[in-house]
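**Q**
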Amino acid sequence: DAAGWRYAPWCRVVMRLIAVLHLFATLCVGVEHFGAQWPRVLLSAAAAARADRSPPLSAAGRPPLPRTGTAFLLHVPPQPSAAAASLDWHLSRRLVLGSGEAYYTLLLLIFSMMAVADSPLYLLPSLLDSVRAFPVLSAAARIVAPALLRTFSFALFVLTTLGLYGYAYLPSAIHAQGDAQCHSPWQCVSMLVLDALSQGGGALSYDDDGFAHTPLHFNTDPSDQHRSLFAVLFAVLWAFLLQGAILAQIVEAFRTARAREDALDASLSQRCLVCGCDRSKLPGEFERHVARFHNPTSYLAFFAGAAATHPLHRTALHIHALRLFEEGNGDILPVGV
Numbered sequence: 001d002a003a004g005w006r007y008a009p010w011c012r013v014v015m016r017l018i019a020v021l022h023l024f025a026t027l028c029v030g031v032e033h034f035g036a037q038w039p040r041v042l043l044s045a046a047a048a049a050r051a052d053r054s055p056p057l058s059a060a061g062r063p064p065l066p067r068t069g070t071a072f073l074l075h076v077p078p079q080p081s082a083a084a085a086s087l088d089w090h091l092s093r094r095l096v097l098g099s100g101e102a103y104y105t106l107l108l109l110i111f112s113m114m115a116v117a118d119s120p121l122y123l124l125p126s127l128l129d130s131v132r133a134f135p136v137l138s139a140a141a142r143i144v145a146p147a148l149l150r151t152f153s154f155a156l157f158v159l160t161t162l163g164l165y166g167y168a169y170l171p172s173a174i175h176a177q178g179d180a181q182c183h184s185p186w187q188c189v190s191m192l193v194l195d196a197l198s199q200g201g202g203a204l205s206y207d208d209d210g211f212a213h214t215p216l217h218f219n220t221d222p223s224d225q226h227r228s229l230f231a232v233l234f235a236v237l238w239a240f241l242l243q244g245a246i247l248a249q250i251v252e253a254f255r256t257a258r259a260r261e262d263a264l265d266a267s268l269s270q271r272c273l274v275c276g277c278d279r280s281k282l283p284g285e286f287e288r289h290v291a292r293f294h295n296p297t298s299y300l301a302f303f304a305g306a307a308a309t310h311p312l313h314r315t316a317l318h319i320h321a322l323r324l325f326e327e328g329n330g331d332i333l334p335v336g337v
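Each residue of the sequence shown is one higher than the one before, starting from 1 at the first, in this note's numbering.
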């Protein structure tokens, strides 16, 4: 680990500071989840489980239970003992599903502690979580994922091929930790891939003097000639072509995500997303129409609330709207002013 940081020792201090700050932020989020949200999850799961166990109400309401005679004895529910009480699987399932976000926060907290105690590499899951949290990053990740997967797979194939060639012919051309050369195919390939991703061209050693031993004439000094050709192939294929292609795909994904966001903003300012009316058809009334009658946020909140409502507690409008929404039918949305 010390060998990896010897060229820039201040990077270790910066990464440790970032890890500590991230641990503090994750602790604050975890306290908010477990202290404020988890009790509400427990109460809502218990209420939903009680609603599942209770019979549905009729139109006239629940009939009153008899209070005297044989009918009263027949309607008395049995009282199970503590030893005979079984586990409520419905309540357990609701608790597990409702506490998923709290468990996810706890997992990120564990990774943050490991980043402070061991290596900043454990901050990678939190980096992926930040990509999921921000809309622009999430959209760019979905756009770039297929092309980036193909390019990165080809890059791994090229680096693996160069590592195996280096092991077979030029083992001293690849740095190995604590040694002057690699000694196994796995070591050569892993060191070349790891150093190529982290240091660029620093994975190759040129006798600590760059290209000082490069042959000046063709077919002279074949070992130095092969060594130089290996370094040139690595620099051209990885540093110039593949790294540039990966960076270009990432930049293009962000440009496409921004263009889509700008197009949606332009469409929102020129057309009602609910009824499809253009701004030109409602001169001077378009903003009032969108803000009062056809506010997209109100419709999204309605569908989100209807989906989150327990099936026994939904109204007829909720059931009708959700059924049309699942069928892809837009008749529930009003047309016109």
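From the three backbone atoms N, C-alpha and C, an ideal C-beta is built for every residue, glycine too.
First and last residue of the alpha helix (DSSP H) that includes D262?
**A** Where D262 is concerned, the enclosing alpha helix (DSSP H) stretches over 243-270.
**Q** Is the region 254-267 touching the region 281-288 in the sense that three or more CB pairs, one from each, lie closer than 8 Å?
**A** With a cut-off of 8 Å, the region 254-267 and the region 281-288 do not count as touching, because too few Cβ pairs lie within range.
**Q** Report the rounded CA-to-CA distance for S379 versus H183, giving the unit in angstroms.
**A** As displayed, the chain neither begins before 1 nor continues past 337, which places residue 379 out of reach and without an answer.
**Q** Quick check: L241 and L162, are their CB atoms within less than 8 Å of each other?
**A** No, these two residues do not count as a Cβ contact at 8 Å.
**Q** Roughly how many angstroms separate the alpha carbons of A263 and Y167, rounded to a whole number?
**A** When rounded, the distance between both Cα atoms is 52 Å.
**Q** For L149, count neighbouring C-beta atoms within 10 Å of its own C-beta (all shown protein chains included) and say buried if the count is 16 or more, exposed if not.
**A** L149 should be labelled exposed.
**Q** Do you know how far the Cα of V144 is from the Cα of L137?
**A** Each residue's alpha carbon lies about 10 Å from the other.
**Q** My understanding is that P185 touches L159, with C-beta atoms under 8 Å, so please give their C-beta distance in whole angstroms.
**A** Contact doesn't hold; Cβ gap of about 13 Å is too wide.
**Q** Suppose the cutoff is 7 Å on Cβ atoms and the five residues either side in sequence are ignored; what does the same chain contact list for A316 look like?
**A** Answer for A316: no residue qualifies.
**Q** Indicate whether A115 and A231 have their beta-carbon atoms separated by less than 8 Å.
**A** Cβ atoms of A115 and A231: not closer than 8 Å.
**Q** In the DSSP assignment, find the alpha helix (DSSP H) that holds E326 and state where it starts and stops.
**A** 316-326 is the extent of the alpha helix (DSSP H) around E326.
**Q** Any idea which residues DSSP pairs D278 with across the strands?
**A** Answer is R271.
**Q** Is it buried or exposed, H310, if we count other Cβ atoms within 10 angstroms and call 16 or more buried?
**A** Answer is exposed; the Cβ neighbour count stays below 16.
**Q** Going straight from the alpha carbon of A139 to that of R255, what length do you get?
**A** Cα to Cα, A139 sits roughly 11 Å from R255.
**Q** For S269, count neighbouring Cβ atoms within 10 angstroms of its own Cβ and tell me buried if that reaches 16, exposed if not.
**A** Classification of S269: exposed, given that the 10 Å Cβ count is below 16.
**Q** Along the alpha helix (DSSP H) that carries G166, what are the first and last residues, could you check?
**A** Per DSSP, G166 belongs to the alpha helix (DSSP H) from 135-169.
**Q** Around the C-beta of H294, are 16 or more other C-beta atoms found within 10 angstroms, so that it is buried, or is it exposed?
**A** Buried, by the Cβ-count rule.
**Q** Ordered along the chain, which non-local residues of its own chain (more than five positions away) have a Cβ less than 7 Å from that of L108?
**A** Cβ neighbours of L108 beyond the five flanking positions: T26, P125, S126, D129.
**Q** Give the DSSP-derived three-state secondary structure of S126 in the structure shown.
**A** Helix at S126.
**Q** Taking Cβ to Cβ, would you say F303 is nearer than 8 Å to F325?
**A** Contact flag set, yes.
**Q** Is the CB-CB distance between A306 and H289 below 8 Å?
**A** No, these two residues do not count as a Cβ contact at 8 Å.
**Q** Going by DSSP in three states, H313 sits in which element: helix, strand or coil?
**A** In this structure, H313 counts as helix in the three-state DSSP scheme.
**Q** Between A253, L247, V251, S228, which has its C-alpha nearest L197's C-alpha?
**A** The shortest C-alpha separation from L197 is found at L247.
**Q** Going by alpha carbons, who is nearest to T151 out of A245, H313, A239, P135?
**A** Measuring from the Cα of T151, the nearest candidate turns out to be A245.
**Q** Our contact map puts L192 next to R227 with C-beta atoms below 8 Å; I'd like the distance itself, whole angstroms only.
**A** That pair is no contact at about 14 Å.
**Q** With respect to the alpha helix (DSSP H) encompassing P296, which residues constitute its N-terminal and C-terminal limits?
**A** Taken as a continuous stretch (DSSP letters only), the alpha helix (DSSP H) holding P296 covers 296-308.
**Q** With DSSP run on the structure shown, which of helix, strand or coil describes P185?
**A** P185: helix per DSSP, three-state reduction.
**Q** Using the Cα positions of H320 and Q249, report the straight-line distance between them to the nearest angstrom.
**A** Whole-angstrom Cα-Cα distance: 44 Å.
**Q** Can you give the Cα-Cα distance for A239 and L123, rounded to whole angstroms?
**A** In a straight line, the C-alpha of A239 is about 26 Å away from that of L123.
**Q** Which residue's Cα is closest to the Cα of F154: L21, F24, Q243?
**A** Comparing Cα-Cα distances from F154 to each of L21, F24, Q243, the minimum goes to Q243.
**Q** Considering only C-alpha positions, which residue in the set C277, H313, C272 is nearest to T297?
**A** The residue with the shortest Cα to Cα distance from T297 is C272.
**Q** Hey, how far is the Cα of A323 from the Cα of N329?
**A** A small correction: the amino acid at residue 323 is Arg; Ala does not occupy that position in the sequence shown. Cα-Cα distance, rounded: 9 Å.
**Q** When the Cα of C28 is compared with those of E101, L17, T105, which residue comes out closest?
**A** The candidate whose alpha carbon is nearest that of C28 is T105.
**Q** When the Cα atoms are used, what is the spatial distance from A235 to F24?
**A** Taking the straight line from one Cα to the other gives about 41 Å.
**Q** So, helix, strand or coil for E101, using DSSP?
**A** Helix.
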